[in-house]
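K.L.:
Handing you a structure now.
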Amino acid sequence: MSVIHCEDFVVSIARALQFISCHHPPDFIAAMIDAWRREESGAAKDAIGQILLNAKIAAETKRPICQDTGMITVFLKIGMGCRFADAGKTLQEMVDEGARRAYLDRDNPLRLSMVAPPVGARRNTGDNSPAIVHCEYGPGDGLEVMVAAKGAGSENKSKFAVLNPSDSLVDWARRVVPRMGAGWCPPGVIGVGLGGSVEKAMLLAKKSLMSPVDMPELLRRGPGNRLEALRLELYEAINHLGIGAQGLGGLTTALDVKILEYPTHAASLPVALIPNCAATRHCRFHLDGSGPATFTPPVISWPEINVKNAGCRRVFLDKISRAELADWRAGESLLLNGVLLTGRDAAHQRLAELRAAGRDLPVEFQGRFIYYVGPVSPAAGEVVGPAGPTTATRMDKYSRLMLEDLGLFGMIGKAERGPDTINLIRDNQAVYLTATGGAACLVAQAITAARVVAFADLGMEAIHEFTVRDMPVMVAVDSQGHSIHHSGPAQWRRD
Ligand code: SF4
């Protein structure tokens, strides 16, 4: 029988979370490099290139891959022959203690994203706890642990249905994946849970994402069984949709498709689909009582990537006019210089409430740009921590307020805008720009100054002023209402 000390378990969880915050799994990076080499769409290739450059910076600087450092999920498999020593805490409490230590680490502080209660005040819990802990018992006398930190952009796009037993899973995926848009920061991995009950299917989909990316090998050797054939069929169907990196249109949307299945009721076919994003972060370790787990950064042979800045239009935000905006075209790359504001869900909600109450706003928006971001707190020597874009679609409900009432010139985020917002952009001669989701370290390198200008109590959701130098973005919706998220996938779709 092995005896596991609680402190070893807590330390291992903390180390795992720190490790995955800045290191992708090597199999994921290998598949991303493969996709980058094969990509034929210029916009998508550039986005994948930025994701890879960002991954390299994160690994080298030991800072988070993405500003959303995730919701913690832990799968535990406890050997029947193992026990915990000095166990004054529950498993949940031990995992949460590990989370606390990891997320409040002084050298590499991670973003605190968890709020409670989920409806109402939604106050930040202050240490990114609680984690989501799943536990099962099995043979053996050790403890198997899988740890993941999942960003909300991809988690929010999860799909579930109970199909008729005779329905086609592939047809269902063809219908629902385009509806996921680009907020999940493709390319990534699609996890599928098949069968069981409603809750079992979701859990299978989540767990399937923990296995290594092996699609390149499967493509080489061909399927060896029914599930592998289904994985291949889904992989081809999803990539033929043409969504591409960041939804800009391209060859690769899914780097891999993973499936776990379970017997189900004769009348049911529950199916769950959960995407894992460009910031795929997970690892596994084993404890046998001999001490805490250690983690070694993978050795990765990074390709030479040149993100093309030459020829990009250089924009100076402090003296921009509507006439200049009218000249920009969807799909065009820009380098932003000057001062922009930040804000996301909570700040927009508060602005709307102040406005509805007839109160003054703390910031002037006329003629300015807002960047949808919740940055990581800075570590020593940093102006700001990793600061990539969050999903713009969530801010669509505030577009009329921001564009029509407050006179904002432009918004910067990731993923597509809804039809009403696109019409508002056109009618107000404004623009929507997109930065590469999951390239948070790369964006942070372009930020030369940062200060909070309103709603400091909102933490990472406060309104900041960022001064940027050559921040790379793309025009996603131009002032004529053309959207790259419509034209790109339409161009690359293969039916
Ligand atoms: S890569 Fe995109 S979806 Fe993933 S954590 Fe970052 S912002 Fe969220």
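Once you know that position 399 of the sequence shown is 388 in my numbering, the rest is easy, because the numbers rise by one and skip nothing.
Glycine included, each C-beta is placed from N, C-alpha and C at the ideal position.
List the whole-angstrom C-beta distance separating Asn295 from Arg458, where the pair is believed to meet the contact cut-off of C-beta under 8 Å.
P.N.:
About 19 Å separates the beta carbons of Asn295 and Arg458, which is beyond the 8 Å limit, so they are not a contact pair.
K.L.:
For the ligand SF4, I want to know if Gly172 counts as a neighbour, meaning its beta carbon is within less than 8 Å of at least one of the ligand's heavy atoms.
P.N.:
Residue side-chain check: Gly172 places its Cβ nearer than 8 Å to a non-hydrogen atom of the ligand SF4.
K.L.:
Taking the straight line between their C-alpha atoms, what separation do you get for Ile248 and Ala443?
P.N.:
45 Å
K.L.:
From Gly363, His275, Ala336 and Ser468, pick the residue whose C-alpha is nearest to that of Lys66; which is it?
P.N.:
His275
K.L.:
How do the region 253 to 264 and the region 31 to 45 stand: do at least 3 beta-carbon pairs fall below 8 Å, yes or no?
P.N.:
no
K.L.:
When every heavy atom of the ligand SF4 is checked, does at least one fall within less than 8 Å of the C-beta of Lys403?
P.N.:
yes
K.L.:
Would you kindly report the start and end of the unbroken alpha helix (DSSP H) that includes Met224?
P.N.:
Per the sequence shown, residue 224 should be read as Tyr rather than Met. Here the alpha helix (DSSP H) through Tyr224 covers Arg215 to Asn228.
K.L.:
Of the choices Asp130, Ala261 and Gly370, whose alpha-carbon is the least far from that of Met191?
P.N.:
Ala261
K.L.:
With Asp18 as the anchor, note down where its alpha helix (DSSP H) starts and where it stops.
P.N.:
Per the sequence presented here, residue 18 reads as Ile, with Asp not at that position. Ile18 -> alpha helix (DSSP H) spans Pro15 to Arg27.
K.L.:
Note the first and the last residue of the continuous beta strand (DSSP E) segment covering Leu330.
P.N.:
Ser322 to Thr331
K.L.:
Can you find the residues in the same chain that come closer than 8 Å, C-beta to C-beta, to Asn97, ignoring five residues on each side of it along the sequence?
P.N.:
For Asn97, where only same-chain residues beyond five positions count, the Cβ hits under 8 Å are Gln7, Ser10, Cys11, Lys51, Arg52, Pro53 and Ala368.
K.L.:
Quick one: is Leu350 buried, meaning 16 or more other Cβ sit within 10 Å of its Cβ, or exposed?
P.N.:
exposed
K.L.:
Since Pro393 is in the alpha helix (DSSP H), which residue starts that stretch and which ends it?
P.N.:
Rather than Pro, the amino acid found at residue 393 in this sequence is Glu. It is not in any alpha helix (DSSP H) - Glu393 carries neither H nor E in the DSSP assignment.
K.L.:
Quick one: what's got a C-beta closer than 7 Å to Asp94's C-beta in the same chain, skipping five residues either side?
P.N.:
Gln7
K.L.:
Give me the Cα-Cα distance between Ala429 and Pro201, rounded to the nearest whole angstrom.
P.N.:
24 Å
K.L.:
Give the list of continuous beta strand (DSSP E) stretches no shorter than 3 residues that lie fully inside the region 126 to 188.
P.N.:
132 to 139, 148 to 152 and 177 to 185
K.L.:
Strictly closer than 5 Å from CB to any heavy atom of the ligand SF4: give me those residues in the order they appear in the chain.
P.N.:
Cys55, Asp57, Gly140, Gly142, Ser143, Cys174, Cys266, Ala267, Ala268, Gly426 and Gly427
K.L.:
I need the boundaries of the alpha helix (DSSP H) containing Arg311, first residue and last residue.
P.N.:
Counting along the chain, the alpha helix (DSSP H) containing Arg311 begins and ends at Arg311 to Leu314.
K.L.:
Specify, as a first and last residue, the run of the beta strand (DSSP E) that Ser(-9) falls within.
P.N.:
Ser(-9) to His(-6)
K.L.:
Report back the beta-carbon spacing between Val365 and Arg100 to the nearest angstrom; my notes put them in contact at under 8 Å.
P.N.:
5 Å
K.L.:
What do you reckon, are the CB atoms on Ala5 and Ile473 nearer than 9 Å?
P.N.:
Their beta carbons are not under 9 Å apart, which means Ala5 does not touch Ile473 by this criterion.
K.L.:
If you check the beta carbons only, do Ala138 and Arg270 fall under 9 Å apart?
P.N.:
yes
K.L.:
Per DSSP, what are the beta-bridge partners of Asp245 in this structure?
P.N.:
Val178
K.L.:
Roughly how many whole angstroms lie between the Cα atoms of Lys189 and Met199?
P.N.:
16 Å
K.L.:
Could you tell me the distance, in whole angstroms, from the CA atom of Gly142 to the CA atom of Ala404?
P.N.:
Near 10 Å, if we compare the C-alpha coordinates of Ala404 and Gly142.
K.L.:
I'd like to know whether the C-beta atoms of Leu329 and Leu314 end up nearer to each other than 9 Å.
P.N.:
no
K.L.:
When you compare only the Cα positions, how much space is there between Thr425 and Gln235?
P.N.:
7 Å
K.L.:
Looking at the strands, I want to know which residues DSSP matches up with Lys403.
P.N.:
Thr380
K.L.:
Whole angstroms is fine: what's the gap from Met169's alpha carbon to Leu244's?
P.N.:
16 Å
K.L.:
Across which residues does DSSP place Thr253 in a beta bridge pair?
P.N.:
Answer is Gly185, bridged to Thr253.
K.L.:
Of all the options Ala346, Leu208 and Ser279, which has the alpha carbon lying nearest to the alpha carbon of Val246?
P.N.:
Leu208
K.L.:
Thinking C-alpha only, which one of Met(-10), Leu395 and Ser157 is nearest Arg357?
P.N.:
Leu395
K.L.:
Given 8 Å as the limit, tell me if Leu192 has its C-beta closer than that to any heavy atom belonging to the ligand HEM.
P.N.:
This structure simply doesn't include the ligand HEM; it includes the ligand SF4 instead.
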